[in-house]
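Asks: Quick one: the structure is below, questions incoming.
Number of protein chains: 2
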Amino acid sequence: MVVEILAVGTELLLGNIANTNAQYLSQKCAVLGFSVYHHGVVGDNEERMTAAIKEALGRSDVLILTGGLGPTEDDMTKEVCAKVMGFELAEDPHTRERIESYFKRTGRTNITKNNWKQAVVPVGSRVLDNHNGTAPGLILEKDGKTAVLLPGPPNELKPLFSEQVAPYLHSLQPETIYSQMVKVCGPGESAVETAVLDLIDAQTNPTIATYAKTGETHLRVTAKAENEEQAKKLVKPVVKELKKRFGADIYSTSEEESLEDVVVKLLKKYKLTVTTAESMTGGMLASRLVNVPGASECFHEGFVTYSNKAKRKVLDVSKATLKKYGAVSEQTAKEMAKGGVFASDSDICVAVTGFAGPEDTKEEPKGLAYISCYIGNEVVVREFHFTGNRMKIREQAVVRALDLLRRCILERCKNEK
Amino acid sequence: MVVEILAVGTELLLGNIANTNAQYLSQKCAVLGFSVYHHGVVGDNEERMTAAIKEALGRSDVLILTGGLGPTEDDMTKEVCAKVMGFELAEDPHTRERIESYFKRTGRTNITKNNWKQAVVPVGSRVLDNHNGTAPGLILEKDGKTAVLLPGPPNELKPLFSEQVAPYLHSLQPETIYSQMVKVCGPGESAVETAVLDLIDAQTNPTIATYAKTGETHLRVTAKAENEEQAKKLVKPVVKELKKRFGADIYSTSEEESLEDVVVKLLKKYKLTVTTAESMTGGMLASRLVNVPGASECFHEGFVTYSNKAKRKVLDVSKATLKKYGAVSEQTAKEMAKGGVFASDSDICVAVTGFAGPEDTKEEPKGLAYISCYIGNEVVVREFHFTGNRMKIREQAVVRALDLLRRCILERCKNEK
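Chains A and B are the protein sequences, given in the same order.
Residue 1 is where the first sequence starts when you use this note's numbering, and the numbers rise one by one after that.
Residue 1 is where the second sequence starts when you use this note's numbering, and the numbers rise one by one after that.
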C-alpha cells in the first residue's frame, strides 16, 4: 500500500523550520511496510490545499496530513479535508470534555471561543485522543481511501502516531519490510556503486540503495515479505555478498551505529586508550569520540596543537622536522602521533595535520592532509587530498582519521580474541 | 514570481534524512522576494518524477530541483527534466575538463565510466560550475518557465545557490528586496519573540522574521522597494530599534558573520590570544574557533581534558577541588580556565565542564554545565541548565562559551580604541 505525507504550514514554506515530521513518518511507514512515493508541503490556503489533497488521495491509498489543526482562523486542514472527502462536521462531546480537562490539567484559564473549534470533528471519523495537546488526531475513511490528520507539533504528533496510528496502519498492511544497512568507509560513492552495479541491476526483492555520506557510503538492503523472519531470510545472502565484496571497508552493518561508536567499541573490547593530536581538524576528531556515551573509558585527553610552537611544546615535534618538511608533512604527522602517546600515556594516538584552505598556498595545496596512527610502537601514516570547502575538508579528515584508527586496531588485535 | 522546490531522493522518502535543502532554499527565496507555495519530494522514478516536474512547471514560474544528479544508475533528475522540457543532452567539454581536474586535484584515480555521465548537460542550458563536487548545477529556460537543477549534498548546493543561482533569480525579479540580519545570543527564542511582538504585529513593510538557531535567535528585517537605496531606508530604523531593545545580546548584524567570526575578529582587534579547556564539549569549542580562516593568529592550542586526571595533570585543577566539588562545578570550571591560561601562556582561556547525559546521574543532572572565562587575572563563571539530547546540550554549551568569551573581551576592552 502507498502512503503519502502532506504537511500544511506557511512556516515550512518560509523555511522557518525543516519538515522533520515527514522524516519521522517516512521512517515509521517504511518499517510498517508501506511505500512512500511523495512528500508535499502546502500553505494555509483553501484552494491549494484542496488541490493537493485531491491529488494525493487520487494516487495514494493513505494520506497523512500534518499541521493546520490549531484553533486559529487560518488552521483549516480538518475543514478542507472533510469537504474534499464529503464529511459533515459536528462538535464531538467527548473531545470537548477532553479539551476542558486538558485546560484544567494545564491550568489554562484564558479559554477563548475559537478553542472549541478543535472539538469539531468530521461525522463518522475516528477520533484519536491527544494527551499532549488540544487538537485530536483524526482518521477519515471513504471509498477505499484513508486520510489521517495529525497536529504539527512533534511532541503531539509522535505519540499519537506510535500509539494509535501505527497499529491502525499495520492492520491495513499484512506485508512487512525488513532492511539492513551496510556502512562502507574508504572507497568513494561511485566506486562503491560500480562494485555493486550487477547486484543493483539484478535486484527485485531485496533491493539495494546507496547513500553518499561525508567520507562514507551506506548501502541499504531492503526486502518485503509476509513476515519479518522471511524478509530477513531474503536480506541475509545479499548482505553476505556485500561483506565479501567490501571486506574491511565495511565498518558496521547496524542502522544506529556510527563510525565513532565502532571505534569506541573496539577500544573498549581490547582495553585500549586513545588520544588525539589535531592541527587542521582543531578538536573535531576528539569531539566525535566524545559523541559516544561512555567514551571516557578509552579517551581521557586530546591535544589541539594548531601552531608549530604548540606542536613542539606539547607533542615534542622536532624543530628540524618542522623546518625541513613543514607542518603539513608525513614526518610531522608521525612525530605528532608519537608525541601524543607519550604526552598522554595512552596506548594509541591519532594525529591529523593538513591544510583546509580557504585558499591554496605555495607550500600547501588546499585539501592536502596527513593522518597518522601510533599504536604498539608502530606508526602508520596516510596522505589524503580532500576537496570541498574548509569545513568539508576537515569533516572528511575526521572520518578518515576515525577509519584509520579502526583499521589499525583491527590489524593490531586481529590475533587476539 | 512563484518558486517551487522539488527534492528528488529515495533517502528522503525513507526518512533517512530530513529535507533541509528545502528549508535553506525557502529562506533564500523569501529573502529574494519570491513566493513559495509548494514543496515536493519524489523518488528516483521516471514516471513519478515526470508527473511531478510537469505539474510544478504548470503552476510555478521557477522550479528548483535538488538531488538525483549523481553518477549512479538511479540518478535521473537531469535526464527526466530535459525530456519534460524538450532539451537534447550532450557532453559538455568544459564540464568534462572540470571533472577531470577535480579528480586530479583530489588524487582520485579509480575513475569509473559512470562518472562521465555528469559531464552530459541539456543543450542550451546554463552550466553552473560546482567547486565542491563533480555534478554541475544547471539552469533550463523554456516558454517563460525555468528549472534550476542543484546537487543534493548541502555543501555543494549552498555555494552553488548563493554564488550563482541567487544572482540569476534576482535578475528575474524587478522589485528589490533588501534584508538585514540581527543575530541575538543570550535570551531564549520565546523571550526574543515576546520582546518584538509589537513590532511584528505592526509590520507590513519591512517585515520581521525570527529564526531559532541552537543557542541563538536570528531576526531578519526585510523590505521591498523600487531600488536598494529605498529598501535600505525602510530597514534602517527597524534595525536601530532592535539594537536599542537587545543591546549587547546582539553579536552581529551581518548575514555571513558567525559567532566564531565575531570572536576571532575581536581577538585580532585587541591582539589577544585564547585557548580552550574542554571537558563535556570534547574539542567542539576549539573546532568552532578553527572554523574561522586565520584563527591561527589568536588560537595556538587547546586542551581536551575529559578525565579528572587530565584536568589535574594538564590544567593543574586541584585534587581537593575535584574531590570536594566534583568535575562539574563552578570551582572546577574556574580552575580549568586559570590552568589553561598558564599551560598555554595565552591571554584568555574559556573552559567548559558539564554533564551531557545521555542519562541523569545522582551527582549531575543531565544538562548542567559551568562555563568560565579567564581574562586579565579575572575569571568569570556561569551556570547553565541545557535541555535536549547529548549532542544538543554540547552544541548549546559551545555557543554559550563563545558568547561568554565575546562578552568578556568587550567588557575588558571597552575603554580601548
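By construction, the Cβ of each residue, glycine as well, lies at the ideal position given by its N, Cα and C atoms.
Going by alpha carbons, who is nearest to serine 60 of chain A out of B:Ile139, B:Arg48, B:Glu55 and B:Ile64?
Replies: Cα-wise, what sits closest to serine 60 of chain A is B:Arg48.
Asks: Please classify lysine 78 of chain A: is it buried, with 16 or more other beta-carbons within 10 angstroms of its beta-carbon, or exposed?
Replies: Looking at its Cβ environment, which holds 16 or more other Cβ atoms inside 10 Å, lysine 78 of chain A is buried.
Asks: On a CA-only basis, which of B:Ala277, B:Ile348 and B:Glu301 is nearest valine 317 of chain B? Give me that one, please.
Replies: Valine 317 of chain B has its Cα closest to that of B:Ala277, out of B:Ala277, B:Ile348 and B:Glu301.
Asks: Between the alpha carbons of glutamate 439 of chain B and valine 235 of chain B, how many angstroms are there, rounded?
Replies: With chain B running from 1 to 417 in the structure shown, residue 439 of chain B is simply not present.
Asks: Could you give the first and the last residue of the continuous beta strand (DSSP E) run that contains serine 296 of chain B?
Replies: That residue, serine 296 of chain B, is in no beta strand (DSSP E); it is neither H nor E in DSSP.
Asks: If you draw a straight line from the C-alpha of lysine 271 of chain B to the C-alpha of serine 162 of chain A, how long is it?
Replies: Using only the alpha carbons, I get a separation of about 56 angstroms.
Asks: Excluding the 5 residues flanking aspartate 246 of chain B on each side, which residues of the same chain have their C-beta closer than 7 angstroms to its C-beta?
Replies: Reading off the sequence shown, one finds phenylalanine at residue 246 of chain B, where the question assumed aspartate. Only Val184 meet the Cβ criterion.
Asks: Is the beta carbon of methionine 284 of chain B closer than 8 angstroms to that of glycine 354 of chain B?
Replies: No; because the gap between Cβ atoms is not below 8 angstroms, this pair is not in contact.
Asks: If you pair each beta-carbon of the region 3 to 10 of chain B with each one of the region 388 to 398 of chain A, do three or more pairs fall below 8 angstroms?
Replies: In short, these stretches do not touch, since the Cβ pair count stays below three.
Asks: Since histidine 94 of chain B meets chain A, which of its residues come closer than 9 angstroms, beta carbon to beta carbon?
Replies: Result: empty, since nearest Cβ-Cβ is about 18 angstroms, beyond 9 angstroms.
Asks: In chain order, what are the residue ranges of uninterrupted alpha helix (DSSP H) at least 4 long that sit wholly in the region 252 to 315 of chain B?
Replies: Listed in chain order, the complete alpha helix (DSSP H) runs (minimum 4 residues) inside the region 252 to 315 of chain B are 259 to 269, 284 to 290 and 308 to 315.
Asks: Measure the CB-CB distance between proline 122 of chain B and leucine 140 of chain B and report whether it falls below 8 angstroms.
Replies: Yes; because the gap between Cβ atoms is below 8 angstroms, this pair is in contact.
Asks: Which residues in chain A have a C-beta closer than 9 angstroms to the C-beta of isoleucine 17 of chain B? List them in chain order.
Replies: Per Cβ cutoff of 9 angstroms: Gln23 and Tyr211.
Asks: Is the shortest distance between the beta-carbon of glutamine 396 of chain A and the beta-carbons of chain B less than 8 angstroms?
Replies: With 8 angstroms as the cut-off, glutamine 396 of chain A does not count as an interface residue toward chain B.
Asks: Are there 16 or more other CB atoms within 10 angstroms of the CB of histidine 418 of chain B, so buried, or fewer, so exposed?
Replies: A query on residue 418 of chain B cannot be resolved here, the shown segment of chain B reaching from 1 to 417 and no further.
Asks: Of the choices B:Pro206, B:Pro293 and B:Ile375, whose alpha-carbon is the least far from that of asparagine 389 of chain A?
Replies: Here the closest residue by C-alpha is B:Pro293.
Asks: What separation, rounded to the nearest whole angstrom, lies between the Cα atoms of serine 152 of chain B and alanine 135 of chain B?
Replies: The displayed chain sequence assigns glycine, not serine, to residue 152 of chain B. Their Cα atoms are separated by approximately 10 angstroms.
Asks: Count the other CB atoms, across all protein chains shown, that sit within 10 Å of the CB of glutamate 359 of chain B; report buried if there are 16 or more and exposed otherwise.
Replies: Its Cβ having fewer than 16 others within 10 Å, glutamate 359 of chain B is exposed.
Asks: Identify every residue that forms a DSSP beta bridge with cysteine 373 of chain A.
Replies: For cysteine 373 of chain A, which the question treats as bridged, DSSP gives the partners A:Val350 and A:Val380.
Asks: Can you tell me the Cα-Cα spacing of glutamate 416 of chain B and threonine 222 of chain B, whole angstroms?
Replies: For glutamate 416 of chain B and threonine 222 of chain B, the distance between alpha carbons rounds to 34 angstroms.
Asks: DSSP state of methionine 181 of chain B, grouped into three classes?
Replies: Here methionine 181 of chain B sits in strand by DSSP.
Asks: Going by DSSP in three states, proline 153 of chain B sits in which element: helix, strand or coil?
Replies: The answer is coil: DSSP assigns proline 153 of chain B none of H, G, I, E or B.
Asks: Work out the CA separation of arginine 406 of chain A and valine 341 of chain A for me, nearest whole Å.
Replies: Near 17 angstroms, if we compare the C-alpha coordinates of arginine 406 of chain A and valine 341 of chain A.
Asks: When you compare each of A:Gln331, A:Asn130 and A:Val31 to glutamine 173 of chain A by their alpha carbons, which one comes out closest?
Replies: Among A:Gln331, A:Asn130 and A:Val31, the Cα nearest to that of glutamine 173 of chain A belongs to A:Val31.
Asks: If you reduce the DSSP assignment to three classes, tell me which class glutamate 4 of chain B lands in.
Replies: Of the three classes helix, strand and coil, the one that applies to glutamate 4 of chain B here is strand, per DSSP.
Asks: Tell me where the alpha helix (DSSP H) around aspartate 359 of chain B begins and ends.
Replies: According to the sequence shown, residue 359 of chain B is glutamate rather than aspartate. Careful: glutamate 359 of chain B lies outside any alpha helix (DSSP H) and carries neither H nor E.
Asks: Do you know offhand how far alanine 212 of chain B's Cα is from histidine 218 of chain B's?
Replies: Taking the straight line from one Cα to the other gives about 6 angstroms.
Asks: How would you label alanine 231 of chain A, buried or exposed, when you count the other beta carbons within 10 angstroms and need 16 or more for buried?
Replies: Alanine 231 of chain A comes out buried.
Asks: I'd like to know whether the C-beta atoms of valine 381 of chain B and lysine 334 of chain B end up nearer to each other than 8 angstroms.
Replies: For valine 381 of chain B and lysine 334 of chain B, yes; Cβs fall inside 8 angstroms.
Asks: Check this for me: beta carbons of leucine 13 of chain B and serine 26 of chain A, under 8 angstroms apart or not?
Replies: Going by C-beta atoms, leucine 13 of chain B is nearer than 8 angstroms to serine 26 of chain A.
Asks: Below 8 angstroms on the Cβ atoms is my guess for asparagine 132 of chain B versus threonine 387 of chain A; work out the distance and round it to an integer in Å.
Replies: With a Cβ gap of about 7 angstroms, asparagine 132 of chain B and threonine 387 of chain A count as contacting.
Asks: Let me know if threonine 275 of chain B comes out buried or exposed under the rule of 16 or more other beta-carbons within 10 Å of its beta-carbon.
Replies: By the neighbour-count rule (16 or more Cβ atoms within 10 Å), threonine 275 of chain B is buried.
Asks: Tell me whether glutamate 260 of chain A is buried or exposed, calling it buried when 16 or more other Cβ atoms sit within 10 Å of its Cβ.
Replies: By the neighbour-count rule (16 or more Cβ atoms within 10 Å), glutamate 260 of chain A is buried.
Asks: Taking the alpha carbon of glycine 67 of chain A as the reference point, which residue from A:Glu241, A:Lys158 and A:Leu242 has its own alpha carbon closest?
Replies: Ranking the options by Cα distance to glycine 67 of chain A, first place goes to A:Lys158.
Asks: For the candidate residues A:Phe34, A:Thr72, A:Leu404 and A:Gly326, whose alpha-carbon lies nearest to that of tyrosine 251 of chain A?
Replies: The candidate whose alpha carbon is nearest that of tyrosine 251 of chain A is A:Leu404.
Asks: At which residues does the beta strand (DSSP E) containing arginine 390 of chain A begin and terminate?
Replies: Segment 390 to 413 is the alpha helix (DSSP H) holding arginine 390 of chain A; no beta strand (DSSP E) there.
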